[in-house]
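K.L.:
Quick one: the structure is below, questions incoming.
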Amino acid sequence: MDMGMTMTQKILAAAAGLEKVEAGQLIEANLNLVLGNDITSPVAIKEMDKFKAKGVFDKDKIALVPDHFVPNKDIKSAEHCKCVREFARKNDITNYFEVGEMGIEHALLPEKGLTVAGDVIIGADSHTCTYGALGAFSTGVGSTDMAAGMATGKAWFKVPGAIRFVLTGKPAKWVSGKDVILHIIGMIGVDGALYKSMEFVGDGIASLSMDDRFTIANMAIEAGGKNGIFPVDALAEAYIKEHSDKPYKIYQADEDAVYDAEYTIDLSALRPTVAFPHLPENTHTIDEIRQMEPIAIDQVVIGSCTNGRLDDLRTAAEVLKGRHVAKGMRCIVIPATQAIYMQAMEEGLLKTFIEAGAVVSTPTCGPCLGGYMGILAEGERCVSTTNRNFVGRMGHVSSEIYLASPAVAAESAVAGVISAPEEA
Amino acid sequence: MNAKGSVFKYGDNVDTDVIIPARYLNSSDPAELAAHCMEDIDGDFIKRVKKGDIIVAEKNFGCGSSREHAPIAIKAAGVSCVIAETFARIFYRNAINIGLPIIECPEAARGIGAGDEVEVDFDSGVITNVTKGTSFQGQAFPEFMQRIISSEGLINYINSQS
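Taken in order, these protein sequences are the chains called E and Z. As numbered in this note's numbering, the first sequence has no gaps in its residue numbers, which increase by one up to the final residue, 424. As numbered in this note's numbering, the second sequence has no gaps in its residue numbers, which increase by one up to the final residue, 586.
Now the structure itself:
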């Protein structure tokens, strides 16, 4: 019997010019956007020189966002950024974002309207899967794929099978998208969705803000997923219309689509969740943590492509308002884009952070990957709203990262030990 | 095409942050990256690795970041092949695209230990543990990927198509 297609398969079939695709099939798809940053683009730019055909396929469909070690952290990083800047100038790249307009790529591109429903997007950054929140197929690749994408406007894919996550109910006050995705990764493991799509469906989605959905799609890669994707509802469509004048197309999974597995998650039953070192799957709920010896911490980071958006900063400010971080605590807040930074300023959030004894930084990926702006010393512990807690990720090989939501991170900064707001 | 060398053995979920820590990503020079390869998981690796040696790991090798610097560092360190039970998908693509031979074989991942002498025949997918006198059938690449590998990378393959 002819089986239906998942939402991801329908987008890929259309981009490959095929009526029908099935899991495992190798296809060549047309790309709507190719993304790179200051770490991955220089390697891709070097590869570009090897192509017989010169130049880029479409100067409007490439986005170059220096954000990892920017503003330049050292001379070598400055050279990388210079390489990207000169390539952008030489090829007249429309969407190159200099310091002053740049932000963390996965917060910036949706905000600038460059990612819309139905798009096929590759980015030389693993968290490119973020744009699935808008009903796009987007996935992380390496620098050679980025180079080939920039030159030809195409990429090869093995059509993925899918796992379906049916979300029901409404999350409690201090439970966010971060808790949803940490719960899922804890449940299926860091390779639980290896090579597959993670398709989120169900009436629970209506109670998730766009920022929650970006956070959830963003961490699909932490379960090994090829992409994470949400249906396009009225909220997502309103977001697209507000930010973009690009044409978009809404795809829906066929009713008879086949999934490799299905999980139902009652959002109302979820609790604030923390991933312990050194894997995102090592999750514990706040209730379990409250039964343990207190876990003292040295630093808190609130930011990144996972949790540096306005909802995240509003939540952190709500927790920190009128309070002060623990003595000896370093609390680093990093709005993900200039627009978020500006809005946070206008709403008084930055004042709240500074009064609470936190520092506020210009947008950068910085500490998330141990670049700069918050490196950990030997044996230090950090509660971070970022996405990875691997060995040595944020600094010394013996340092520890606990992944959590902005609410948990902010409360932990005040308490000095891993905590959640009291009423949670 | 064949690979032969002694084995460095690792467990599950070897991530790209331990393969090449981000503090070294301000360089894209293969030799410089190789000098820090595996530094945060095995400080002795780079002192002991010889040209042709083989990495064998368990599940989800190369998970995490999309940095192509990870397979580049491994290749530039002299490693001739990575065998794992499974690979993270971006690492898998990147390795093929830059021409680092990799092969999925759960039985080999379990049946090969640190220091074993191993030989890999890429045409047949047969992995031989010379030390223990055992052999395993690895998963052969689909034809499309074999064409990329035999072109020595994605860009040469695309050039040959145009």
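Glycine included, C-beta positions come from ideal geometry on N, C-alpha and C. These numbers come from a predicted model, not from an experiment.
Kindly indicate if chain Z contains any beta-carbon less than 8 angstroms away from that of E/S197.
P.N.:
no
K.L.:
With a cut-off of 8 angstroms, does the C-beta of Z/G488 fall near any C-beta of chain E?
P.N.:
yes
K.L.:
Taking Cβ-Cβ distances shorter than 8 angstroms, what residues in chain E pair up with Z/V445?
P.N.:
Residue identity check: residue 445 of chain Z is Pro in the sequence provided, not Val. Correct list: G370, G392.
K.L.:
Helix or strand or just coil, what does DSSP make of E/L31?
P.N.:
coil
K.L.:
Excluding the 5 residues preceding and the 5 following E/E19 in the sequence, name in chain order all residues of the same chain whose CB lies nearer than 8 angstroms to its CB.
P.N.:
A13
K.L.:
By DSSP, does Z/D439 sit in helix, in strand, or in coil?
P.N.:
strand
K.L.:
Could you tell me if Z/G486 is buried or exposed, where buried requires 16 or more neighbouring beta carbons within 10 angstroms of its beta carbon?
P.N.:
Sixteen is the threshold: when 16 or more other Cβ atoms of the shown chains lie within 10 Å of the Cβ of Z/G486, as they do, the residue is buried.
K.L.:
Just to confirm my understanding: we take E/K54, look at its own chain, exclude 5 residues before and 5 after, and list those with CB closer than 6 angstroms. What are they?
P.N.:
none
K.L.:
Does E/D74 pass the burial test, meaning 16 or more other C-beta atoms within 10 Å, or should it be called exposed?
P.N.:
Looking at its Cβ environment, which holds fewer than 16 other Cβ atoms inside 10 Å, E/D74 is exposed.
K.L.:
Just the chain Z side, please: which residues come within less than 8 angstroms of E/A51 by C-beta, in chain order?
P.N.:
Inspection of the sequence shows that residue 51 of chain E is occupied by Phe rather than by Ala. Going along chain Z in sequence order, the residues near E/F51 (Cβ under 8 angstroms) are I579, I582, N583.
K.L.:
In terms of residue numbering, what span does the beta strand (DSSP E) encompassing Z/G429 cover?
P.N.:
Its beta strand (DSSP E) spans residues 426-433.
K.L.:
Between the segment 18-35 of chain E and the segment 149-156 of chain E, are three or more C-beta pairs nearer than 8 angstroms?
P.N.:
yes
K.L.:
Counting only beta-carbon separations shorter than 8 angstroms, does Z/E482 have a partner in chain E?
P.N.:
Chain E contact via Cβ: absent.
K.L.:
When DSSP labels each residue in this structure, what does E/A424 get in the three-state scheme?
P.N.:
coil
K.L.:
Just to confirm the assignment: which complete beta strand (DSSP E) runs, minimum length 3, are found wholly within the segment 128-209 of chain E?
P.N.:
137-140, 154-158, 162-168, 197-201
K.L.:
Strictly by DSSP, which residues pair up with Z/T558?
P.N.:
Z/N553
K.L.:
Are there three or more Cβ pairs, one per stretch, closer than 8 angstroms when the segment 386-401 of chain E is compared with the segment 468-485 of chain Z?
P.N.:
no
K.L.:
In the DSSP assignment, the beta strand (DSSP E) including E/V301 goes from what residue to what residue?
P.N.:
299-302
K.L.:
Between which two residues does the alpha helix (DSSP H) containing E/N91 stretch?
P.N.:
It is not in any alpha helix (DSSP H) - E/N91 carries neither H nor E in the DSSP assignment.
K.L.:
Can you give me the C-alpha to C-alpha distance between E/G169 and E/G202, rounded to a whole angstrom?
P.N.:
9 angstroms
K.L.:
Take E/N387 as the anchor and find which of E/F214, E/R85, E/Y248, E/P71 has the nearest alpha-carbon.
P.N.:
E/F214
K.L.:
If distances are taken between C-alpha atoms only, which option among E/G123, E/P421, E/H127, E/V99 comes closest to E/N218?
P.N.:
Here the closest residue by C-alpha is E/H127.
K.L.:
Give me, in chain order, the residues of the same chain whose beta-carbon lies closer than 6 angstroms to that of E/G204; leave out the 5 immediate sequence neighbours on both sides.
P.N.:
L167, T168, G169, L267
K.L.:
In chain order, which alpha helix (DSSP H) runs of at least 4 residues are fully inside the segment 433-518 of chain Z?
P.N.:
440-443, 454-458, 469-472, 493-500
K.L.:
Taking the alpha-carbon positions, what's the E/F165 to E/Y263 distance?
P.N.:
5 angstroms
K.L.:
8 angstroms is my cut-off, CB to CB: does Z/E531 come that close to chain E?
P.N.:
no
K.L.:
Based on the DSSP secondary-structure assignment, which residues constitute the bridge partners of E/G123?
P.N.:
E/L35, E/G140
K.L.:
First and last residue of the beta strand (DSSP E) that includes E/N389?
P.N.:
Membership of E/N389 in any beta strand (DSSP E) is not indicated, and neither H nor E is assigned to it by DSSP.
K.L.:
If you follow the alpha helix (DSSP H) that Z/E567 is part of, which residue opens it and which one closes it?
P.N.:
567-574
K.L.:
Quick check: the Cα distance between E/A206 and Z/S574, rounded to an integer number of angstroms?
P.N.:
Each residue's CA atom was taken as its position, placing E/A206 and Z/S574 some 49 angstroms apart.
K.L.:
Taking DSSP's pairing of strands, which residues face E/H284 in a bridge?
P.N.:
E/V274
K.L.:
Would you say Z/F568 faces chain E, with C-beta separation under 8 angstroms as the test?
P.N.:
yes
K.L.:
Are any of the Cβ atoms in chain E nearer than 8 angstroms to that of Z/A459?
P.N.:
no
K.L.:
Name the chain E residues that come within less than 7 angstroms of Z/L449, Cβ to Cβ?
P.N.:
I39, listed in chain order.
K.L.:
Can you tell me whether DSSP reads E/E262 as helix, strand or coil?
P.N.:
strand
K.L.:
Using a C-beta to C-beta distance shorter than 7 angstroms, which residues of chain Z count as neighbours of E/P42?
P.N.:
Here the neighbours are S452.
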